[in-house]
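Residue numbers (the working numbering): 14 to 206. Beta carbons are placed, not taken as given, at the ideal position from N, Cα and C, and that holds for glycine. One structure is given here, and the rest of the page talks about it.
Encoded structure:
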């Protein structure tokens, strides 16, 4: 072959290689652009996620602050309520206290026992009325009733005077009281053994 033929063959080979190289270059460029698009999409997704995370964190911090303020406020209100819870009862008892002071002063000056007893009886009824209005009730317990641990407190046991009083209340030492049907003081009783 002549030089001319060799040159032509080389040129043909180069031409054939060039489209392949051009195709390869096009594919590389396409891959690069896809990678760039993917990295842009990934960056955008990360930015969106970061913004959402920041918003959620802000909401969480605000919610926690709101809850803490609520907790403090309710604690303060509860403490204030406990301080003044018995205020209405005390206001109701003030007239009874005034009557007791007047009765004590009249005892010193008066020698009439019947008048003093009547005055004390009036004060006692006034006190009983005020406590009943507030829901305080005395338990009605009598000797011979069954012992109930939910209502009574056994102070001691003594030998039963009769066979039917065994395990039952023999005597009431101190009255029990309920406040709105809740026992606030158990009745102290003696039980027969």
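Test item: CB-CB of residue i and residue j under 8 Å
| i | j | result |
| --- | --- | --- |
| residue 203 | residue 169 | yes |
| residue 139 | residue 102 | no |
| residue 162 | residue 182 | no |
| residue 13 | residue 120 | Shown here, the chain extends from 14 to 206; a query on residue 13 therefore has no answer. |
| residue 133 | residue 122 | no |
| residue 148 | residue 82 | no |
Reduced DSSP secondary structure (H/G/I, E/B, other) of residue i
| i | result |
| --- | --- |
| residue 154 | coil |
| residue 206 | coil |
| residue 147 | coil |
| residue 54 | helix |
| residue 2 | Lying outside 14 to 206, the shown extent of the chain, residue 2 is not represented and no answer is given. |
7 Å CB neighbourhood of residue i in its chain, flanking five on each side removed
| i | result |
| --- | --- |
| residue 152 | 164, 188, 189, 190, 191 and 200 |
| residue 106 | 143 |
| residue 186 | 168, 201, 202 and 203 |
| residue 80 | none |
Contact set for residue i: own chain, Cβ-Cβ below 8 Å, skip 5 residues either direction
| i | result |
| --- | --- |
| residue 8 | This structure cannot settle anything about residue 8, because the visible part of the chain is limited to 14 through 206. |
| residue 177 | 157 |
Same chain only: Cβ atoms within 6 Å of residue i, ignoring 5 sequence neighbours per side
| i | result |
| --- | --- |
| residue 33 | Interpretation of residue 33 is limited by its pLDDT of 47, a score under 50 that renders its predicted location unreliable; the figure taken from the coordinates is listed afterwards. Excluding sequence neighbours, residue 33 sits near nothing in its chain. |
| residue 166 | 199 and 201 |
Mind listing, in chain order, the continuous alpha helix (DSSP H) runs of no fewer than 4 residues lying wholly within the region 97-135? 100-122
What residue ranges within the region 160-204 form continuous alpha helix (DSSP H) runs of no fewer than 4 residues, ordered along the chain? none
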